[in-house]
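Residue numbers (the working numbering): 182 to 390.
Here it is in structure tokens:
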């Protein structure tokens with residue numbers, strides 16, 4: 182809309198429940214979204230709080246006006262409690278990120294009723310269309326993690342954990358060997374400078390579509 186550009190970060194996500202054989206995504210910490218053109222920003226907090234033995238996947242956030250000139254570099258370190266009172270709040274939202282999240286306009290007293298922002302129960306997982314594994318590059322994620330995923334689908338979570346460590350250790354060894362040789366990591370697909378927040382493909386990026 183109007184050629185707007187949004188810069189966003191993701192919360193820290195972990196996979197828990199390996200020992201119980203009941204895998205679950207756990208999101209924690211803070212993420213943010215900013216748009217310099219609209220001068221709008223959002224700080225989002227993810228919390229894992231236990232309630233009678235069960236995790237509550239809590240999420241809460243605030244949409245507010247900010248000054249791109251003076252506050253853009255500060256927002257990445259802000260939590261909800263750090264947002265200055267001088268930043269006018271547009272809306273707040275809260276709920277469970279894996280179930281239902283509601284939003285409430287704070288800048289319109291006549292339209293302040295809470296309404297559904299997103300209802301995960303009503304959404305469906307989109308079908309993935311990908312090439313067969315034997316046609317994928319050796320470093321494409323579905324090929325790298327296929328042994329782990331296969332064991333998980335078989336319910337062999339102990340074996341999956343062992344294979345996961347093998348994959349991770351192999352990557353660490355490659356990183357260490359590259360460091361010993363004094364070589365810098367060279368991305369295969371993207372230009373190494375991403376300070377603008379906008380990833381750019383290499384001119385000759387081997388995209389496997």
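In this text, a Cβ means the ideal position worked out from N, Cα and C, and glycines have one as well.
8 Å Cβ shell around residue i - same chain, five flanking residues per side excluded
i           : result
residue 281 : 297, 299, 300, 301 and 302
residue 370 : 382, 383, 386, 387 and 388
residue 314 : 323, 324 and 327
residue 258 : none
residue 260 : 211, 224 and 226
residue 375 : 381
Cβ neighbours of residue i in the same chain (closer than 6 Å, five flanking residues each side left out)
i           : result
residue 188 : 215 and 378
residue 381 : 372
residue 241 : 226 and 275
Chain-order list of residues whose beta-carbon lies under 7 Å from that of residue i (same chain, five-residue window excluded)
i           : result
residue 249 : 217 and 220
residue 342 : 199
Residues sharing a beta bridge with residue i, DSSP
i           : result
residue 246 : 221
residue 371 : 382
residue 210 : 227
residue 281 : 300
residue 274 : 242 and 284
residue 197 : 205
residue 188 : 215
Buried versus exposed call for residue i [16 or more other C-beta atoms within 10 Å across all chains shown]
i           : result
residue 333 : buried
residue 304 : exposed
residue 247 : buried
residue 351 : exposed
residue 256 : buried
residue 344 : buried
residue 366 : exposed
Cβ pair residue i, residue j closer than 8 Å
i           : j           : result
residue 243 : residue 211 : no
residue 238 : residue 279 : yes
residue 293 : residue 285 : yes
residue 213 : residue 190 : yes
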